[in-house]
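Visitor: Before we start, here is the structure in question, set down as structure tokens.
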Amino acid sequence: MSAHAEAAVPGHDHHGPPIANHSSKVDATVLGMFLFIGSEAMLFGSFFAAYFFVRVVNPDAPAVWPPPPYEFPKFVAGINTAILITSSFTMHWALQSIKRNNRRGLQAGLVLTILMGTAFLLTQFIEYAHVGFNTSDGAFASVFFGLTGLHGAHVFVGLTLLTIAAVRAFRGHYSPEHHHGVELPGIYWHFVDVMWVVVYVTVYLL
Amino acid sequence: MRNPLESEDAAFRFVLGTIAYLVPIVLASWIATWLGIVVFVLVSGVALVLLRRRTGPLPAPPPTGRASVEDTPATQASPARADGGSGDGTHEGPCETTDDVP
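Residue numbers (numbering that gives the first Met the number 0), protein chains in the order written: chain A, 0 to 205; chain B, 0 to 101.
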């Protein structure tokens, strides 16, 4: 036994280096995802602060949102919202499948979620191309592109995480007992979904 | 109040809860702005009460230690340790317990 280990665990019959201390309340990987999501929530909060300033606090705020003659594509964004909410259901199905040792269900759920997330991003790009205004057309356009673009970037990150999870699922990883690699992207994906619902309601509908 | 994102199950319920929270606000605000504000206050109060009531015992913590490799299938068996240990990465004896660590 090394002197280091002896000093750390005096009187023990444990051999080898000392075990790293960690909290048993929350796993380190889960805590990392919580901290990451917390920072993301604050990032979205700062963008929402800019949005509410432009729309409410600003003395030159337009009486009608968005200021005429511009229009937000509510219908297309509504279809996109339905796609993203459905992807949350398929994500949940994927995780429930692996908990029941249904590997096909896990793979199908992940693939469907990725496909719907990709459809969301492509639709958003098409929406940007046809929206009829640009960031030079006013602060409302800047906060619109800022909020929706920030969310789109998060969808891209979520898709990257889900793709890694899907590749691992097709390579035979994960089991009913050990599926952290799916659970954490799932939590992140649901968080991204929640943020989109809030963005859609506040920017497009209200 | 529990963390609404403590697990994928909880996060999925959070998605559904967010939708259930926002739908009445949107519908009421379409009818009249003042009604939307009233419904927003009411639904926010209900949501806070519901979130605070979810203070039951926490679920068992997920497996700790080596989480990054636990869900990876083993390609070959680990060699047994020379000192008679299991050789599977688990620690035996008093060193295994870390529950008291804050």
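Note that CB positions come from ideal geometry on N, CA and C, so glycine has one too. As the structure is a prediction and not an experimental result, all values here were calculated from the model.
Tell whether a beta-carbon distance below 8 Å holds between residue 192 (chain A) and residue 87 (chain A).
Guide: As a position in the first sequence, residue 192 (chain A) is number 193, starting the count at 1. As a position in the first sequence, residue 87 (chain A) is number 88, starting the count at 1. Closer than 8 Å, so yes.
Visitor: Could you tell me the distance, in whole angstroms, from the CA atom of residue 204 (chain A) to the CA atom of residue 54 (chain A)?
Guide: The count along the first sequence starts at 1 and reaches residue 204 (chain A) at position 205. The count along the first sequence starts at 1 and reaches residue 54 (chain A) at position 55. Answer to the nearest angstrom: the Cα atoms are 13 Å apart.
Visitor: Would you mind telling me which residues of chain A sit closer than 8 Å to residue 25 (chain B), beta carbon to beta carbon, in chain order?
Guide: Here the question's residue 25 (chain B) lines up with position 26 in the second sequence. 200, 204, 205, listed in chain order.
Visitor: Can you list, in chain order, the residues of its chain with a C-beta nearer than 6 Å to that of residue 190 (chain A)? Leave out the 5 residues immediately preceding and following it.
Guide: The sequence position of residue 190 (chain A) within the first sequence is 191, counting from 1. These residues qualify, in order along the chain: 36.
Visitor: Just tell me which of A:173, A:30, A:143 has its CA closest to the CA of residue 71 (chain A).
Guide: The sequence position of residue 71 (chain A) within the first sequence is 72, counting from 1. Taking only the C-alpha atoms, the option nearest residue 71 (chain A) is A:143.
Visitor: In chain B, what lies closer than 7 Å to residue 87 (chain A) by C-beta?
Guide: Start at 1 with the first residue of the first sequence, and residue 87 (chain A) comes out as number 88. Chain B residues near residue 87 (chain A): 11, 14.
Visitor: Can you find the residues in the same chain that come closer than 6 Å, C-beta to C-beta, to residue 28 (chain B), ignoring five residues on each side of it along the sequence?
Guide: Taking the first residue of the second sequence as position 1, residue 28 (chain B) is located at position 29. Only 35 meet the Cβ criterion.
Visitor: Count the other C-beta atoms from every protein chain shown that fall within 10 angstroms of the C-beta of residue 182 (chain A), then say buried if there are 16 or more, exposed otherwise.
Guide: For the purposes of this step, residue 182 (chain A) is taken as residue 183 along the first sequence, with counting starting at 1. With 16 or more other Cβ atoms within 10 Å, it is buried.
Visitor: Could one say the Cβ of residue 18 (chain B) lies closer than 8 Å to chain A's Cβ atoms, at least one of them?
Guide: On the second sequence, position 19 is the one that residue 18 (chain B) refers to. For residue 18 (chain B), the answer is yes, since a Cβ of chain A falls inside 8 Å of its Cβ.
Visitor: When we look at the beta-carbon of residue 152 (chain A) and count the other beta-carbons within 10 Å, is it buried (16 or more) or exposed?
Guide: Translated into the one-based positions of the first sequence, residue 152 (chain A) becomes position 153. Burial call: exposed.
Visitor: Report back the beta-carbon spacing between residue 99 (chain A) and residue 184 (chain A) to the nearest angstrom; my notes put them in contact at under 8 Å.
Guide: Looking up residue 99 (chain A) in the first sequence gives position 100. Looking up residue 184 (chain A) in the first sequence gives position 185. That pair is no contact at about 19 Å.
Visitor: Which ranges would you report for the alpha helix (DSSP H) in the stretch 23–90 of chain A if only whole runs of at least 4 residues count?
Guide: Those alpha helix (DSSP H) runs which fall completely within the stretch 23–90 of chain A and span 4+ residues are 27–51.
Visitor: Tell me the residue span of the alpha helix (DSSP H) that contains residue 203 (chain A).
Guide: The count along the first sequence starts at 1 and reaches residue 203 (chain A) at position 204. From DSSP, residue 203 (chain A) is part of no alpha helix (DSSP H); its letter is neither H nor E.
Visitor: Nearest by alpha-carbon distance to residue 201 (chain A): which of B:46, B:22, B:51, B:48 is it?
Guide: What you label residue 201 (chain A) is simply residue 202 of the first sequence in a count that begins at 1. Of the listed residues, the one whose Cα sits closest to residue 201 (chain A) is B:22.
Visitor: Does any CB atom of chain A fall closer than 8 Å to the CB of residue 43 (chain B)?
Guide: Residue 43 (chain B) sits at position 44 when you count from the first residue of the second sequence. Answer no: the Cβ-Cβ gap between residue 43 (chain B) and chain A never drops below 8 Å.
Visitor: Does the beta-carbon of residue 65 (chain A) have 16 or more other beta-carbons within 10 angstroms, so that it is buried, or is it exposed?
Guide: For the purposes of this step, residue 65 (chain A) is taken as the residue at position 66 of the first sequence. With 16 or more other Cβ atoms within 10 Å, it is buried.
Visitor: Taking any Cβ of chain B, which residues in the stretch 39–62 of chain A have a Cβ under 7 Å from it, in chain order?
Guide: The stretch 39–62 of chain A vs chain B, Cβ under 7 Å: nothing.
Visitor: Can the beta-carbon of residue 186 (chain A) be found closer than 8 Å to that of residue 10 (chain B)?
Guide: By 1-based counting over the first sequence, the position of residue 186 (chain A) is 187. By 1-based counting over the second sequence, the position of residue 10 (chain B) is 11. Cβ atoms of residue 186 (chain A) and residue 10 (chain B): closer than 8 Å.
Visitor: Helix, strand or coil: which one does DSSP assign to residue 6 (chain B)?
Guide: As a first step, residue 6 (chain B) is located in the second sequence; it is residue number 7 there, counting from the start. Coil at residue 6 (chain B), not helix or strand.
Visitor: For residue 33 (chain A), which residues in chain B fall below 9 Å Cβ to Cβ?
Guide: As a first step, residue 33 (chain A) must be located in the first sequence, where it is residue number 34. Those within 9 Å of residue 33 (chain A) in chain B are 2, 4, 5.
Visitor: Distance check for residue 6 (chain B) and residue 52 (chain A), CA to CA, integer angstroms please.
Guide: Position 53 of the first sequence, counted from the first residue, corresponds to residue 52 (chain A). Position 7 of the second sequence, counted from the first residue, corresponds to residue 6 (chain B). Near 34 Å, if we compare the C-alpha coordinates of residue 6 (chain B) and residue 52 (chain A).
Visitor: Verify the CB distance criterion: does residue 34 (chain B) have a CB-CB separation below 8 Å to chain A?
Guide: The residue labelled residue 34 (chain B) in the question sits at position 35 within the second sequence. False, the Cβ-Cβ gap to chain A never drops below 8 Å.
Visitor: In whole angstroms, give me the CA-to-CA distance for residue 46 (chain B) and residue 12 (chain B).
Guide: Taking the second sequence and counting its residues from 1, one reaches residue 46 (chain B) at position 47. Taking the second sequence and counting its residues from 1, one reaches residue 12 (chain B) at position 13. Whole-angstrom Cα-Cα distance: 13 Å.
Visitor: Quick check: residue 150 (chain A) and residue 198 (chain A), are their CB atoms within less than 8 Å of each other?
Guide: The residue you call residue 150 (chain A) lines up with position 151 of the first sequence. The residue you call residue 198 (chain A) lines up with position 199 of the first sequence. Yes, the Cβ-Cβ distance between residue 150 (chain A) and residue 198 (chain A) is below 8 Å.
Visitor: Specify the secondary structure class of residue 96 (chain A) as computed by DSSP and reduced to three states.
Guide: Locating residue 96 (chain A) in the first sequence gives position 97, where the first residue counts as 1. In the structure shown, residue 96 (chain A) sits in a helix (DSSP, three-state: H, G or I).
Visitor: Name, please, each residue of chain A whose Cβ falls closer than 8 Å to the Cβ of residue 21 (chain B).
Guide: Your numbering for residue 21 (chain B) matches position 22 in the second sequence. In chain order: 196, 197, 200.
Visitor: Please return the same chain residues whose Cβ sits closer than 7 Å to the Cβ of residue 79 (chain A), not counting the five positions on each side in sequence.
Guide: Here residue 79 (chain A) refers to the residue found at position 80 of the first sequence. 119, 122, 123.
Visitor: The alpha helix (DSSP H) spanning residue 43 (chain B) covers which residue range?
Guide: Translated into positions along the second sequence, residue 43 (chain B) becomes position 44. Run containing residue 43 (chain B): 32–52, per the alpha helix (DSSP H) assignment.
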